[in-house]
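Chemist: One structure, as structure tokens, below. Some questions next.
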Amino acid sequence: LVLSLIAPVVLVQSRVLDDPHYERSRELIQELSARPTDYLATPFPEWFQFVGLARWHEAGRWKLSPGLLKVALALFGLVVGVRSRSRRSWALTWLAISVGAFVGSLGLNFQIAGWCPYGTLLDWFPTLARLRTPARMSVLVQIGVVFLAAEALRWGYRRARIVVARTPVFGRPGVGVRTTLFALGLFWLIGLAACYEVPLRRQKFVEVPSAKTQKGWIDWLKNNTSQEAVIAHVPFPKGPLPRDYESEAWAMYWGLFHQRRMVNGFSGFFPASYLELKTQMQSFPDEASFAGLRLRGVSICVVQESFLETHPLPRRPESSALWERVFRDPDAGVVLFRLRP
């Protein structure tokens with residue numbers, strides 16, 4: 385089932401990646417690689433800011449630290465894990481995964497006496513350059529830290545049971561139930577502190593409007609264009625931030641209803657043809673942008689009225705030879721333009 389769902393996407397991406405013109409420069413790979421100082425700051429404010437490690441973090445860079453308390457517990461968990469014969473292989477496995485992922489996340493920013501291991505791997509395996517963001521290997525570093533921190537809590541819980549069991553309570557020998565509850569409570573608090581040392585911000589859920597709010601222009605597309613028609617949603621993204629590509633997500637969502645092909649919908653995997661069109665669309669509406677759309681078979685532009693307020697279409701006599709307005713949906717705030725061949 386999973387293969388059937390991802391196969392269409394994987395097949396198209398493999399064809400694009402096989403294009404000899406598709407190549408990531410080493411400068412881009414290095415920019416998308418982490419730096420050691422990226423592991424000094426957490427994505428959200430942590431409890432232990434007074435330690436001051438974040439002062440060495442460069443502004444605008446990734447914040448990849450899982451939290452100081454978890455790191456401290458992980459180091460302790462590594463020590464006690466290696467010292468235990470039964471837990472040694474487990475601890476060393478996660479150590480290898482964490483260190484390997486840490487080095488991998490640094491990508492071209494990691495060098496040993498001028499030698500860059502990641503660069504050598506790129507020379508041996510050129511397809512490795514297609515890995516979009518080496519810094520994302522930091523996820524495995526954070527997972528490894530969590531597992532090793534859990535190892536420390538496991539060891540502490542077992543030791544606490546032994547110590548408390550040998551300690552008289554009100555003149556009586558320790559009782560198994562009391563011992564268990566004490567150890568559980570103590571290390572539950574430590575574990576809870578480790579979990580919440582980096583409090584997550586409350587996320588605001590996106591409210592998806594009903595398709596009825598877009599019914600006008602969607603119905604027009606379904607009734608006045610063929611299944612093979614290609615459309616473009618305007619405006620195109622401009623900036624590099626995730627929020628700049630929110631419009632692309634909405635374009636794909638409305639595509640579930642009108643079921644027409646579109647030149648939009650990219651938010652991380654960018655073929656060269658899309659990047660070229662994106663550059664042309666920054667000057668929309670002009671003849672160059674319309675030429676780029678026609679070259680890709682676009683027949684209809686779905687334009688937000690809010691965009692037209694700041695980017696009005698030129699009203700020149702020759703403009704009628706380029707496009708025509710065919711529909712306006714005031715409820716959705718959308719205007720449809722047909723490109724003339």
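Under my numbering, think of the first position of the sequence shown as 385, with each following residue one higher. Cβ atoms here follow ideal geometry from the backbone N, Cα and C, with glycine treated the same way.
1) Output the boundary residues of the beta strand (DSSP E) element that contains Ile-615.
2) Between the Cα of Trp-440 and the Cα atoms of Arg-585, Glu-430, Pro-429, Asp-422, which residue gives the shortest distance?
3) Suppose you measure from the CA of Met-521 to the CA of Gly-484; what does that come to, to the nearest Å?
4) Going by alpha carbons, who is nearest to Glu-605 out of Trp-572, Gln-587, Leu-640, Ala-577?
5) Determine the direct distance from the alpha carbon of Tyr-658 to that of Glu-702, and round the result to whole angstroms.
6) Kindly indicate which three-state DSSP category Phe-711 falls into: helix, strand or coil?
7) Residues in its own chain within less than 6 Å of Phe-432 by CB, not counting five upstream and five downstream?
8) Could you give the DSSP three-state label for Cys-579: helix, strand or coil?
9) Please list the segments of the beta strand (DSSP E) lying wholly inside the stretch 504-541, counting only runs of 3 or more residues, in order along the chain.
10) Can you list, in chain order, the residues of its chain with a C-beta nearer than 6 Å to that of Pro-621? Leave out the 5 residues immediately preceding and following it.
11) Counting along the chain, where does the alpha helix (DSSP H) carrying Ser-657 start and finish?
12) Are Leu-457 and Ala-533 touching if we call contact CB-CB under 8 Å?
13) Counting only the same chain and skipping the five closest in sequence on each side, list residues whose C-beta sits under 7 Å from that of Ser-673.
14) Whole angstroms are fine: how far does the CA of Trp-707 sit from the CA of Arg-700?
15) On a Cα-Cα basis, can you pick out the residue from His-695, Asp-715, Thr-517 that is closest to Thr-597?
16) Give me the Cα-Cα distance between Ser-417 and Ser-489, rounded to the nearest whole angstrom.
17) For Phe-554, which residues of its own chain have a beta-carbon under 8 Å away from its beta-carbon, when the five flanking residues on both sides are left out?
18) Report yes if the C-beta distance between Pro-593 and Gln-688 is below 8 Å; otherwise report no.
19) Report yes if the CB atom of Arg-408 is closer than 8 Å to the CB atom of Ala-513, and no otherwise.
20) Report the residue ranges of all alpha helix (DSSP H) runs contained in full by the stretch 414-481; include only those spanning at least 4 residues, in chain order.
21) Gly-600 and Asp-507 - do their beta-carbons sit closer together than 8 Å?
22) Please check the pair Val-487 and Trp-539, which I expect to be a contact at CB under 8 Å, by giving their CB distance rounded to whole angstroms.
23) Any idea if Arg-724 is buried or exposed, counting beta-carbon neighbours within 10 angstroms, 16 or more meaning buried?
24) How about Met-521: is its Cβ closer than 7 Å to a heavy atom in the ligand FMN?
25) Where DSSP assigns a beta bridge to Ser-723, which residues make up the other side?
26) Glu-581 to Cys-500, Cα distance in whole Å?
27) Reducing DSSP to helix, strand and coil, say where Gly-688 ends up.
28) So for Arg-644, helix, strand or coil by DSSP?
29) Please confirm whether Ala-578 and Lys-447 have their CB atoms less than 8 Å apart.
30) Does DSSP classify Ser-489 as helix, strand or coil?
31) Leaving out the 5 sequence neighbours to the left and right, which residues in its chain are closer than 7 Å to Ala-635 when beta-carbon positions are compared?
32) Taking just the CA atoms, how far does Phe-691 sit from Leu-720?
33) Hey, Ile-527 and Ala-613: beta-carbon distance below 8 Å or not?
Modeler: For this structure:
1) 614-618
2) The residue with the shortest Cα to Cα distance from Trp-440 is Asp-422.
3) 9 Å
4) Residue 605 is actually Leu in this sequence, not Glu. If we check each option's Cα against that of Leu-605, Leu-640 comes out closest.
5) Confidence in Glu-702 is poor, its pLDDT being 46 and thus under 50, which makes the residue's placement too unreliable to answer from.
6) For Phe-711, the secondary structure class from DSSP, reduced to helix, strand or coil, is strand.
7) Here the set comprises Leu-452.
8) helix
9) none
10) Asp-628, Tyr-629
11) 656-665
12) yes
13) Here the set comprises Gln-664, Met-665, Ser-667.
14) Confidence is the limiting factor: at Arg-700 the pLDDT is only 49, short of 50, which leaves the residue's position unreliable, though a coordinate-based value still follows. For the pair Arg-700 and Trp-707, the Cα-to-Cα distance works out to about 11 Å.
15) Asp-715
16) 6 Å
17) At Phe-554 the pLDDT is 47, less than 50, meaning the model places this residue with poor confidence; the figure from the coordinates comes in the next sentence. The beta carbon of Phe-554 lies closer than 8 Å to none in the same chain, with the five residues before and after it left out.
18) no
19) yes
20) 452-467
21) no
22) Contact flag wrong, Cβ pair sits at about 27 Å.
23) exposed
24) Judged by which ligands are present, the structure shown has none, so any question about the ligand FMN falls away.
25) The sequence given here places Leu at residue 723; Ser does not occur at that position. DSSP lists Trp-707 as partners of Leu-723.
26) 35 Å
27) As written in the sequence, residue 688 is Gln, which differs from the Gly given in the question. Strand, per DSSP.
28) coil
29) no
30) If DSSP states are grouped into helix, strand and coil, Ser-489 belongs with the helices.
31) Cβ within range, chain order: His-617, Met-646, Asn-648, Gly-649.
32) 13 Å
33) At the C-beta level, Ile-527 and Ala-613 stay beyond 8 Å of one another.
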